[in-house]
Each structure stands twice: as structure tokens, then as C-alpha cells.
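Contents: one structure, followed by commentary.
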Ligand code: URA
Ligand code: SF4
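Residue numbers (our numbering): 910 to 1125.
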């Protein structure tokens, strides 16, 4: 990643975080304590997208810091990764009251933020955690049928997985989540060879500006 590209990506991520901190686009802003924009390095190769902040996330303004987060960290450790190396975010940035499911209008209101984050990071692989995050990319899929498989969508690999919290509530899902995670290193390695993404931030335009100006 070039220095220009990194600076631009960082700028977009900071801008999104600043906007969600004061966002009133959906009802969820009434009950939030802190919005949770998501976090991770801009050169992360992999992006994990969960559902929405829970109690602890709402308190701290950080994603996956409760029980589900602990399990996610264990899963990452099982493939030799740390959370600092990946981007972790959610489809809604504010906590739904009592952790209820996000509503369609809330998902729609918030989706532009995630879209901008995806464009800015341009990850090789996106792992969706849970049904709502999967629904963004594979609207008609059934998670029980597609989890752990990779789908090429708009030039990017999407890998749907069960939500770690689901596996904590339903221990029978745990081995399946662990197996799905075990395949990730290979998927990431395979994705490295993919052609450049069309959504790469347009730093070239910036560089060309002086040249264009000199024409006048
Ligand atoms: N569950 C989620 O989907 N996201 C979080 O950030 C925490 C728990
Ligand atoms: Fe805005 Fe998203 Fe929070 Fe709704 S959930 S208020 S759209 S940041």
C-alpha cells in the first residue's frame, strides 16, 4: 500500500468515525451511549463484519469487547492472528435496545458507513459474522447452508460465518465455527493473487491535479 493510499484510507476511516459519533440517521441514536465505528489497520487484508454493538461495546465505543469478542479473539489466535491485524466492525454502529435484531430501516440507514469503510480498506476477504451481515452480500442465502464457503462478489471474497455469540449460546455450532475459521488462512492466501480491486481509492487523481492545472 502506497503512502498516499494509506493516508487517504485513514482519512476516510476517521471521517466515518466522526460522522457516526453524531449520526441521527436512525432511531438507534436515541439509545446509544457511544457509537462503535469499528477498528483495525487500514492495510488489513481481512475485515470481520458483525451485527451491532452490545452492552459492553456501547459502553466502550469499541467492537467485540464482550464475551463474543473474547471468542473471536480465540478464533483468531487459532489461525495465528491477533485482532490488531484485522478490521472488526458491524453493520449497525449503534446498539439496538436490549440487543434486539437491527430493523431493515436501521440497516439501510447505516449501510453507507460500512460501504465507505469497505471501499477505504479494500480488503482481500470479508468475513460476515451472523445473518444480518451476510444479508448485505448474500441476501437470499441461508447461513446454515453457506457458512464457511467463499463467494466472489464484486471482485472480493465474501466468507459468511456463524456469529461467535450464536456459537456461545448454541454450543453445537462451535466446532463448525472453528472449522470455518481454520480454512481462512488458505482463503486469504488464495485471495492475494486476485486482480486489483476496481474500488481502490483514487489517489492518482490527486497526483495529476498539478498537471491538469498547468494546462490552463
Ligand atoms: N456482537 C456484534 O455483532 N458486534 C459487536 O461488536 C459485539 C457483539
Ligand atoms: Fe446512524 Fe448507524 Fe447509528 Fe443509526 S446505527 S444512528 S444510521 S450510525
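All C-beta atoms, glycine included, are put in the ideal place defined by N, C-alpha and C.
Pairwise C-beta distances place the stretch 1043-1058 out of contact with the stretch 961-980, as fewer than three of them are shorter than 8 Å.
When the beta-carbon positions are compared, residue 958 and residue 1038 come within less than 8 Å of each other. Contact annotation: the stretch 931-942 touches the stretch 985-1004, with at least three C-beta pairs closer than 8 Å.
Secondary structure of residue 1065 (DSSP, three-state): strand. Every unbroken stretch of the alpha helix (DSSP H) spanning 4 or more residues and falling wholly within the stretch 914-972 is given here in chain order: 937-940, 964-969. Within the chosen limit of 7 Å, ligand 1 reaches the beta carbon of residue 945 through at least one heavy atom. Annotated as proximal: residue 949 and residue 997, with beta-carbon spacing under 8 Å. When only Cα atoms are considered, residue 980 and residue 1073 end up about 6 Å apart. Excluding residues up to 5 positions away in sequence, 1056, 1057, 1068, 1070, 1071 lie with their Cβ nearer than 8 Å to the Cβ of residue 1089 in the same chain.
Runs of beta strand (DSSP E) with 3 or more residues, each lying fully within the stretch 1045-1093, are found at 1060-1062, 1065-1070, listed in chain order.
Residue 1008 counts as exposed, since fewer than 16 other beta carbons sit within 10 angstroms of its beta carbon. Note that the C-beta distance between residue 954 and residue 1083 is not below 8 Å. Distance from the Cα of residue 990 is smallest, within the candidate group 1099, 1100, 1093, for 1093. Counting along the chain, residue 978 sits inside the alpha helix (DSSP H) bounded by residues 976-987. Put simply, the residues with a CB less than 7 Å from any heavy atom of ligand 1 are 945, 959, 960, 961, 962, 963, 966, 972, 973, 975, 977, 978, 999, 1038, 1039, 1072, 1074, in chain order. Per DSSP, reduced to three states, the secondary structure at residue 1031 is coil, with no helix or strand assignment. A distance criterion of 7 Å places the beta-carbon of residue 942 beyond contact range of ligand 2, judged by its closest non-hydrogen atom. Between residue 929 and residue 1030 the beta-carbon gap is near 16 Å, outside 8 Å, which marks them as no contact.
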